[in-house]
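Residue numbers (the UniProt record's numbering): 1 to 159.
Quick notes on the structure that follows.
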């Protein structure tokens with residue numbers, strides 16, 4: 001059973017607490033949708049100043065909306081389009097301080113101003129992306145990137 005806890009200590013200590021919670025949530029669970037749903041809920045609970053946290057899953061052609069926390073979102077994103085499609089096509093993490101300055105940005109929520117997208121890759125196969133949006137410009141920093149890389153690495157190992 002998940003218990004909401006106060007995240008105390010340094011930012012790094014808080015990140016480690018969340019990684020421990022993720023490990024506990026996915027332990028002995030092999031269902032991808034269940035694990036992604038709990039992961040998006042955990043991030044939505046933990047991360048301050050975000051308005052969307054979730055996954056787009058690669059169906060062999062494009063990204064399709066998966067489990068998430070936030071307002072209803074775009075359902076399909078072609079590879080190479082927008083921040084999510086670009087991160088997936090290039091298989092690289094994108095940290096965008098101002099999404100309105102990103103060429104081809106897809107505005108699913110007009111309140112979003114910054115975004116971080118982390119591709120989910122296992123055995124050289126694209127699974128999808130983790131997408132997190134914020135209403136604040138410049139919300140995501142290097143520490144967030146490192147934490148979310150670890151988070152997705154743990155998660156991908158369960159998929």
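Note that the Cβ used here is the ideal one computed from N, Cα and C, for glycine as well.
For residue 97, the closest alpha carbon among the candidates 31, 33, 137 and 20 is that of 137. In the DSSP annotation of this structure, the continuous segment of the alpha helix (DSSP H) that includes residue 13 starts and ends at 11–26. As DSSP reads the structure, residue 64 sits in a beta bridge with 57 and 76. Beyond the five residues adjoining it in sequence on each side, residue 77 comes within less than 7 Å, by CB distance, of 56, 62, 63, 84, 85 and 106 in the same chain, given in chain order. Around the beta carbon of residue 49, fewer than 16 other beta carbons sit within 10 angstroms, so the residue counts as exposed. Here residue 133 has 51, 52, 112 and 115 as same chain residues with Cβ atoms under 6 Å from its own Cβ, once five neighbours each way along the sequence are excluded. With contacts defined as CB atoms closer than 9 Å, residue 88 and residue 126 qualify as a contacting pair.
Runs of the alpha helix (DSSP H) lying entirely within the UniProt domain "GAF" (31–157), each at least 4 residues long, are 32–46 and 82–90 in chain order. Distance from the CA of residue 131 to the CA of residue 16, rounded to the nearest whole angstrom, comes to 20 Å. Nearest to residue 117 by alpha-carbon distance, out of 101, 94 and 110, is 94. At the C-beta level, residue 159 and residue 32 come within 9 Å of one another. Taking every protein chain shown into account, the CB of residue 139 has 16 or more other CB atoms within 10 angstroms, so this residue is buried. Inter-residue distance for residue 141 and residue 79 is about 25 Å (C-alpha atoms, whole angstroms).
Counting every other CB atom within 10 Å of its CB across the protein chains shown gives residue 26 a total of 16 or more, marking it as buried. Taking the C-beta atoms as reference points, residue 65 is found no nearer than 9 Å to residue 82.
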